[in-house]
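Number 183 in my numbering belongs to position 169 of the sequence shown; there are no gaps in the numbering. Each residue gets a CB set at the ideal place from its N, CA and C atoms; glycine is no exception. For clarity, every value in this text was computed on a predicted model and none was experimentally measured.
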Amino acid sequence: MVSGQVFLQMKKRIRAKPDQVLRVGDVAVVLAEKKEELESLPVSRPNDMEGDLAIVDLMDVIRVLRVKDPDLDIRTVGLPQTLVEFHSPRTIPPAAAVAAVWLLLFVGSGLAIMNFHTDVSMKEVHERIYYLMTGVQTSRPLILQIPYSLGIGLGMVLFFNHVFRGKFNEEPSPLELEVFLYQENIDQYVIDHEKSHKRGDRRVPSG
């Protein structure tokens, strides 16, 4: 028998294979006298879950531990569930697909920048600034346009805090923050949807 006090903390999010049997140690951090024995207990099997995302509730884990030993003193900390993302082995995308996506992003971003500069009449603004600074009227103020063009690229690099795989500092970039918030909203939606679905399954029909 596994007796004594058990501290249990559910993990926030894990990734698993579609055919993987989830065990207590996969979905929770266990602190106990015989933690290896408790972590090896199965919580759910692949046919118990559907779709690419699922949740394992804290009560399911406690139920498994209680079946193993009803005398366990279980103390819980943190989240009440773990979000499980099922994924298949990653495949390398073909070079043609990567090139097509890169070309699409390059052309799209270039058109967006050009349309913006056309809307605000940037060419005329540069000509006016050059005339005010030098007293010479010209349609090609390159001494302003070249640094301005380089500054756009440099500003984007500094703003997103990325140069290929490198970063200037450990602070998250605005894009990383947006992706993080998007992922948080997706996770919360899945959790709420699964909870409401379970409540609907438990509801007893009237009549």
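Just the C-alpha distance for residue i and residue j, rounded to the nearest angstrom, thanks.
i    : j    : result
V81  : R29  : 26 Å
F194 : G122 : 24 Å
A109 : S210 : 43 Å
I157 : H140 : 10 Å
R27  : A42  : 10 Å
Q202 : G124 : 36 Å
A113 : V150 : 44 Å
L146 : N199 : 51 Å
Using a Cβ-Cβ cut-off of 8 Å (strictly less than) and excluding sequence neighbours within five positions of residue i, which residues of its own chain qualify?
i    : result
V134 : none
E192 : none
E224 : Outside the shown range of the chain, which is 15 to 221, sits residue 224, and nothing can be said about it.
I127 : I166
I'd like to confirm the pairing. Which residues does DSSP put opposite residue i in its beta bridges?
i    : result
T90  : L22
R154 : According to DSSP, R154 bridges with nothing at all.
T148 : DSSP, once it has assigned bridges, lists no residue as partnering T148.
P56  : R37
Q202 : Note: Q202 sits in no beta bridge, so no partner.
T105 : Answer by DSSP bridge pairing: none, since T105 is not bridged.
L168 : Bridge partners of L168: none, in fact.
V177 : G180
L67  : E99
A42  : M24
Which residues in the same chain have their Cβ closer than 7 Å to the Cβ of residue i, if we skip the five residues on either side of it in sequence?
i    : result
H176 : S187
I143 : L158
S102 : P32
From the DSSP output, in three-state form, read off residue i for me.
i    : result
S220 : Note that S220 scores 42 on pLDDT, short of 50, meaning its location in the model is unreliable; the coordinates nonetheless yield the value given after this. Three-state DSSP puts S220 in coil, outside helix and strand.
E47  : coil
L72  : helix
E99  : strand
R29  : strand
V134 : coil
For residue i, which residues of its own chain have a beta-carbon under 6 Å away from its beta-carbon, when the five flanking residues on both sides are left out?
i    : result
V204 : L67
Counting Cβ pairs closer than 8 Å, one from the region 67-75 and one from the region 21-28, do we hit at least three? yes
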